[in-house]
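Novice:
Protein chains in written order, with our numbering: chain A, 143 to 630; chain R, 143 to 630.
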């Protein structure tokens, strides 16, 4: 076999067992997902990556529309003074704010920040749009780019500009807002399960880890193949923190003025990193069928030398396109190259049609997750693929769930054991009642952080209601169980 | 009738005959389309406006996909040095560039511009992605926000940040690139006709008016109801201008290195301004049915006092939702208010169900463009609305075409007549062969600018091939006909 440059490149994937970080950057690169932007830490999302994001947008938009959520677009820029009103918020974001000070050669009178998130802009909008409880609730969502000047960057996981959706709401009572905060994190969890085949652990952030400016933050945490956690989506109950600073006031039913209750929630292009690190393998990425821009790659083998194969290939392509997002590779590349390329790109199903297949009136179908290969008569092709795509989704979810379960441990009493399990890249659940200082200390000692507070069943907590805090010096007893893990 | 505050507001639209600019801002405001952002000249697109933009995106994405155009996302930021390579380009954009110089409290080593357009970023991407003619053509599109610090701003027409799509392509030969430039402007023209019901005049920009950095620019120009032109979409043939400065090189079939040939093309949220000023009337905006986020407003009248009406309303709502983007107004507001609100929002079809309608087994249907009112039995409702939406589209297009035709004049020889017609807010076609200095002079004298170079039929040019240039001091003869008009 003549090996071209591209083929050699295709084989150059470091295994994940050897070096997980290198494996990740290798397959991101080989999958032709991104390019680096000219400003350090910025990314180009190429069609293979942006196509996944577009499908995520479509599915979430449908779920949002069912809940009556309306999409809007707010500006990129926030004036310095406006941003500064909510003190916790500005404190949390200030070091990362890209700041516009000039236009052309002229200095601006007031500094302008590029939005790192849009609570402040929505607060300004709500302040001007709401008069009465009759105007509430308002439930808006926006798809936008945001900028946070991170020191270290990593494709999808941490880049200085990223894409996301951010929902922002206003309510006339606290209960409705708190309920919506929880509804949205549940919506994200089921989206991750049903569309991305990713199981998550849902819970509340500790006060130390909550969003700057929020009253409470809910999160879904996913486990990557190296055992590290990835915060995959968050939903914040903002209470009246912003409405008091920004004057979002409404007249309630008793004709009295009151501050609105707010929430915000979002998921970002980090999702693409999660997909890669949950489902990918040493052959490349594996895209869950529902968000795969190409679900079926149809490869004709030796079609350039065999007119009958080429003809039949076109016919099958027409047929498959009607039911699946399908691409045809009728190039002169050799079969092995076509197979590798489909695998690296993570396309769920590969359909091969060679001269022998044609003779037998069949195609050869290979699924990306298990690499199983089957021969299928032309007439059954469509039904087989339809079922296969569902099977792939279910199998990916099942495998990820088993991995999550197998690598989550609950530790009582034994702090040394607790530390060791974190260092072993497990999700470690432990009774824990201490504050941020202790969280920082544990991070220093183990590299692990608190991911979320979870509710355990009586069986899981050994039946007893209160447990000694895992931090030995604490001596306190608590019912609070917290997940610790190393994280991205 | 008890008049509420909101009702009074609804009536406060300045007529377009009285003051067109005031009419425009009035109906933009009354239609609940936008809010102003906290930084001067920036806009919030509320659901009524953003919903139109989402439908425009959907339709254009479909048209793009048919041509094999793939969506990507490139960064917001351009380093100063990178931007400066193409001299014409930087010269054209420099005064409008929002510039990031700081992050947090730290000064950046190199200034960073917020993209005003992305030729430079795509050039950088292409330079790194292309090796051989086999990699070409590349045809990418991105949906993005861009920033141009305009001195005077106007909702949708000119704002400091706006949303758009920008296509960027690379080809291995000039002909293919030039053809694509023309194909894309034609695609835009037919999109404007078939989806927005807006007729346009298509042509080439004069060198004075072309895009900074392009070899040639094609445009579609639409006529607003006040006779002024709006540049509604552009397509640029960039030749090798950027590829030479940015080093976009490929190996051609003869194994020689060559610079790539490029195009770029785009439409923006200006489209929303065009829709308003082409179709709107003194009652509010009029949204063409294919891009109307709500196509049918179903109003139950006195439903809160009449259970049978409320029930039937719900039933009809379920039915209509299946075929049309439908909203139900079953509030206690009075019928007149519901009617005005539907009209102001520009919703194409209003369906009313009152107690009398229910008795007769009918609904009352009102179309937004003509305000015609008809009674329709329940069973025929769906078919009637389906046809009506098509009729509305056709009628809007027809009326706009007639207006464009009636207000376009060709002027030979007589410069005074030419000037007067421009001041009369006509599109004035005239033979014209002079350069930018004369264009500036004509602009000073008349307020009109060259919109585009058009091809006329022999009949329209009075059979003769060469005509005296309309500018008296020129004395030259030319076959070039140029459209002049005042513009937005």
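Just so it is clear, CB atoms sit at the ideal spot from N, CA and C, and this is done for glycine as well.
1. From the DSSP output, which residues share a beta bridge with residue 309 of chain A?
2. Could you tell me whether the stretch 491 to 505 of chain A touches the stretch 439 to 455 of chain A, where touching means 3 or more Cβ pairs closer than 8 Å?
3. Pull up the distance between the alpha-carbon of residue 225 of chain A and that of residue 562 of chain A, whole angstroms please.
4. Comparing the C-beta of residue 289 of chain A with each C-beta of chain R, is any distance below 8 Å?
5. In the DSSP assignment, what are the bridge partners of residue 378 of chain A?
6. Take residue 714 of chain A and list the residues in its own chain whose beta-carbon comes closer than 7 Å to its own, dropping the five residues that flank it on each side.
7. Taking only beta carbons into account, state which residues of the stretch 189 to 212 of chain R come closer than 8 Å to chain A, listed in chain order.
8. Jot down the residue ranges of each uninterrupted alpha helix (DSSP H) in the stretch 198 to 256 of chain R, minimum 4 residues, whole runs only, in chain order.
9. Spell out whether any CB of chain A is found under 8 Å from the CB atom of residue 167 of chain R.
10. Across the stretch 459 to 472 of chain R and the stretch 508 to 517 of chain R, are there enough close Cβ pairs to call them in contact, namely three or more that are closer than 8 Å?
11. Is residue 623 of chain R near the ligand PLP, in the sense that its beta carbon is under 7 Å from a heavy atom of that ligand?
12. Residues in its own chain within less than 8 Å of residue 244 of chain A by CB, not counting five upstream and five downstream?
13. Give a yes or no on whether 8 Å exceeds the smallest Cβ distance from residue 275 of chain R to chain A.
14. If you measure beta-carbon to beta-carbon, which residues of the stretch 369 to 383 of chain A are closer than 7 Å to chain R?
15. Within the 8 Å Cβ cut-off, does residue 215 of chain R reach chain A?
16. Would you please verify whether the beta carbon of residue 402 of chain A is less than 8 Å from any beta carbon of chain R?
17. Residues of the stretch 587 to 617 of chain A in Cβ contact with chain R at a cutoff of 9 Å, in chain order, please.
18. Between the stretch 363 to 376 of chain A and the stretch 342 to 354 of chain A, can you find at least three pairs of beta-carbon atoms closer than 8 Å?
19. At which residue ranges does the stretch 568 to 595 of chain R contain complete alpha helix (DSSP H) runs of 4 or more residues, listed in the order of the chain?
20. Check residue 391 of chain R in the structure and name its three-state DSSP category.
21. Is residue 311 of chain R buried or exposed, if buried means 16 or more other CB atoms sit within 10 Å of its CB?
22. Considering only their Cβ atoms, is the gap separating residue 230 of chain A from residue 355 of chain A smaller than 8 Å?
23. From which residue to which residue does the alpha helix (DSSP H) around residue 261 of chain R run?
24. Is the distance from the Cβ of residue 363 of chain A to the Cβ of residue 611 of chain A below 8 Å?
25. Quick one: list the residues of chain R neighbouring residue 266 of chain A, beta-carbon separation under 7 Å, in chain order.
26. Strictly below 7 Å CB to CB, what residues from chain A border residue 221 of chain R?
27. With distance defined between alpha-carbon atoms, name the residue in A/585, A/181, A/478 nearest to residue 441 of chain A.
28. Would you please verify whether the beta carbon of residue 234 of chain A is less than 8 Å from any beta carbon of chain R?
29. Take residue 544 of chain R as the anchor and find which of R/288, R/252, R/233, R/340 has the nearest alpha-carbon.
30. Between residue 459 of chain R and chain A, is the shortest Cβ-Cβ distance under 8 Å, so that the two count as touching?
31. How is the beta strand (DSSP E) around residue 438 of chain R delimited, first residue to last?
32. Using three-state DSSP, classify residue 523 of chain R as helix, strand or coil.
33. When burial is assigned at 16 or more other CB atoms within 10 Å of the CB, is residue 200 of chain R buried or exposed?
34. Given this structure, state the Cα-to-Cα distance separating residue 558 of chain R from residue 419 of chain R, to the nearest angstrom.
35. Could you spell out the range, first to last residue, of the beta strand (DSSP E) harbouring residue 178 of chain A?
36. Can you find a C-beta in chain R that's less than 8 Å from the C-beta of residue 354 of chain A?
Specialist: On the basis of the coordinates in this document:
1. A/283, A/407
2. yes
3. 42 Å
4. yes
5. A/359, A/406
6. Outside the displayed span of chain A (143 to 630) sits residue 714 of chain A, for which this structure offers no information.
7. 189, 192, 193, 195, 196, 212
8. 222 to 225, 229 to 235
9. no
10. no
11. As for the ligand PLP, it is missing from this structure, which has no ligand bound.
12. 250
13. no
14. none
15. yes
16. no
17. none
18. yes
19. 578 to 588
20. strand
21. buried
22. yes
23. 261 to 271
24. no
25. 180
26. 180, 181
27. A/478
28. no
29. R/340
30. no
31. 438 to 442
32. helix
33. exposed
34. 29 Å
35. 176 to 178
36. no
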